[in-house]
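Under my numbering, think of the first position of the sequence shown as 1064, with each following residue one higher.
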Amino acid sequence: MLELTDVTLTYPDGDESVKALNNVSLTVEAGTFAAVTGPSGSGKSSLLAVASTLVTPDSGRVSIAGSDITQMKSREKAALRQGKLGIVFQSPNLIPSLTVREQLEVVLRLGGRKAREEGVARIPGTLQAVGCSNLADRLPSQLSGGQQQRVNIARAIIHEPSVLLVDEPTSALDQERSEEIIELLAQLTHERKLATVVVTHEPEQLPSFDAAFEMRDGVLAQMRHRMAA
């Protein structure tokens, strides 16, 4: 589960400050595929930054898989990100000189020797789960945009996280590839019982989600919700 309770975050803006998040509360349970939409500058990126432990809010509580991260030290947050949290960035940013398999191995090394040894055995299954079984030995330059985004997703789930945070995963894809990526994320969420939050600017994608929220001027409002399968 991912849970934010009364989270407030402000940024300096000259002599004043801007309230990026204004008493935001959000609960996403395991197996729930949730969307957050809203105009540019509404606070969506700030929400992901706080949920991913990369930014500490001014006030409020953030809980990931039952762990309250609000008072954690930097080292504890890093360990939690490597174990419980998967992040899919807007741009895949794959390392040009590494094959698809090696992209995943790099992520596993960040978790230490034990995590790498245990994780290597999961690589074939993870690539199969994202539809890339036949791409393990290819370089990024040999992949389409949709394939690169699938590898990006594989990197985020290789360590079997509980929470998945996704930032605009289809912004550089055409409609067909976009639909495939959203369908893949929904499938992974439900099969692996992930608590998934996807930031999107695409309103036509919202029917694919279990829950939808809208950010405006730092305030989060729930648009709809249905129980996860």
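Backbone N, C-alpha and C define an ideal beta-carbon position, used for all residues, glycine too.
If you ignore the 5 residues before and after residue 1173, its C-beta comes within less than 8 Å of the C-beta of 1145, all in its own chain and listed in chain order. In this structure, residue 1217 lies near residue 1167, with their beta-carbon atoms less than 8 Å apart. For the pair residue 1229 and residue 1259, the CB atoms are nearer than the 8 Å cut-off. The beta-carbon separation of residue 1099 and residue 1278, rounded to 6 Å, stays under the 8 Å limit for a contact. For the stretch 1169-1218, the full-length alpha helix (DSSP H) segments reaching 4 residues or more read 1176-1183 and 1186-1192 along the chain. Pairing residue 1147 with residue 1252, the inter-Cα distance amounts to about 14 Å. Residue 1136 sits in coil when the DSSP states are folded into three classes, being neither helix nor strand.
The C-alpha of residue 1154 lies about 13 Å from the C-alpha of residue 1262.
By the criterion of a C-beta distance shorter than 8 Å, residue 1071 is surrounded in its chain by 1082, 1084, 1085, 1086, 1087, 1120, 1121, 1122 and 1123, once the five residues flanking it on both sides are discounted. Here residue 1132 is near residue 1140, since their CB atoms are less than 8 Å apart. Looking at 1281, 1103, 1276 and 1282, the one whose alpha-carbon comes closest to that of residue 1097 is 1276. Burial of residue 1273 is indicated by the presence of at least 16 other C-beta atoms within 10 angstroms of its C-beta. DSSP places residue 1285 in the strand class (E or B) of the three-state scheme. Per DSSP, residue 1243 is one residue of the alpha helix (DSSP H) stretching across 1238-1255. Between residue 1190 and residue 1199, the C-beta spacing is below 8 Å.
Scanning the stretch 1078-1145 for uninterrupted beta strand (DSSP E) segments of 3 residues or longer gives 1079-1091, 1095-1100 and 1122-1127, listed from N- to C-terminal end. DSSP lists 1228 as the beta-bridge partner residues of residue 1150. Nearest in C-alpha terms to residue 1246, of all of 1115, 1104, 1283 and 1269, is 1269. For residue 1274, the uninterrupted beta strand (DSSP E) run begins and ends at 1274-1279, by DSSP.
DSSP places residue 1167 within a helical segment (H, G or I) once states are collapsed to three.
Taking a contact as a CB-CB distance under 8 Å, the pair residue 1157 and residue 1211 counts as one, their CB atoms being some 6 Å apart.
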